[in-house]
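Okay, so here's the structure we're looking at.
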Amino acid sequence: MRKALPDPQIEARRRQPPPDTVDPAIEALVHDIIGKVADKWTMLILEALHEHGTLRFTQLGKAVGRISQKMLTQTVRQMERDGLVRRTVHPVIPPHVDYTLTPLGESLGAAFCGVWIWAETHHAEIEQARAAFAEREAASGTPAIPAPDILPPGTGRGPHPGPA
-9 MRKALPDPQI EARRRQPPPD TVDPAIEALV HDIIGKVADK WTMLILEALH EHGTLRFTQL
51 GKAVGRISQK MLTQTVRQME RDGLVRRTVH PVIPPHVDYT LTPLGESLGA AFCGVWIWAE
111 THHAEIEQAR AAFAEREAAS GTPAIPAPDI LPPGTGRGPH PGPA
């Protein structure tokens, strides 16, 4: 993942004490945006565009991996609606459409970079915790929770691109 530059507005806001009251319109917007960007596909599309820059539809789908064309279309359209992605249609035959992050999308990508770095840094601890949990569950006879579907490095997502 590219090195993220801090957003000066966000950094300035972090240094302020929390407000005594919250504007209901801001609170509603935050809940709406979190509900949209915190989903699996939005985060993976955001990460792919943040890392690779402008991508065509097919390239974006490959960078994300395991996403249907329908879901990719729905997600990039929602991201475009929210001002995170710019869709550029080139008037050629066959049609050529590019997707790139807007400055707003770049700032969100920079924020997400922290999540990626956290996950990368604490990967071994999480795996140890999961193994210990599975052992406790097995010892108690409680049915185990299935492990999440995580792709290993080199499968085309994250900072370890897969085979071309």
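Reading the sequence shown from the start, the letters are residues -9 to 154 in our numbering. Yeah, the Cβ is synthetic: ideal placement off N, Cα and C, and Gly gets one too.
When DSSP assignments are scanned along the stretch -2 to 25, the uninterrupted stretches of alpha helix (DSSP H) that are 4 or more residues long and fall wholly within it turn out to be -2 to 4. About 7 Å separates the CB atoms of D72 and K26; that is less than 8 Å, so the two are in contact. Per the coordinates, the alpha-carbon of Q118 lies some 16 Å from the alpha-carbon of W108.
For the pair A28 and V54, the CB atoms are not nearer than the 7 Å cut-off. Straight-line measurement puts the Cα of F47 at about 9 Å from the Cα of H86. Assignment of V79 by DSSP, reduced to helix, strand and coil, places it in the strand class. Collapsing the DSSP output to three states places H86 in a strand. L91 carries a strand assignment under DSSP once its states are collapsed to helix, strand and coil. L74 carries a coil assignment under DSSP once its states are collapsed to helix, strand and coil. A contact is defined here as three or more CB-CB pairs under 8 Å, and the stretch 83 to 97 fails this definition with respect to the stretch 123 to 137. Exclusion of the five residues before and after L50 leaves I35, A38, L39, L62, V66 and Y89 as the residues of its chain whose Cβ lies within less than 8 Å of its Cβ. Using a Cβ distance threshold of 7 Å, V75 and G95 count as a contacting pair. Less than 7 Å separates the beta-carbon of D(-3) from that of S97. In the same chain as I0, and ignoring 5 residues on each side of it, the C-beta atoms closer than 8 Å to its own belong to S97 and A101, in chain order. Only exposed fits T11, as fewer than 16 other CB atoms lie within 10 angstroms of its CB.
For R46, the secondary structure class from DSSP, reduced to helix, strand or coil, is strand.
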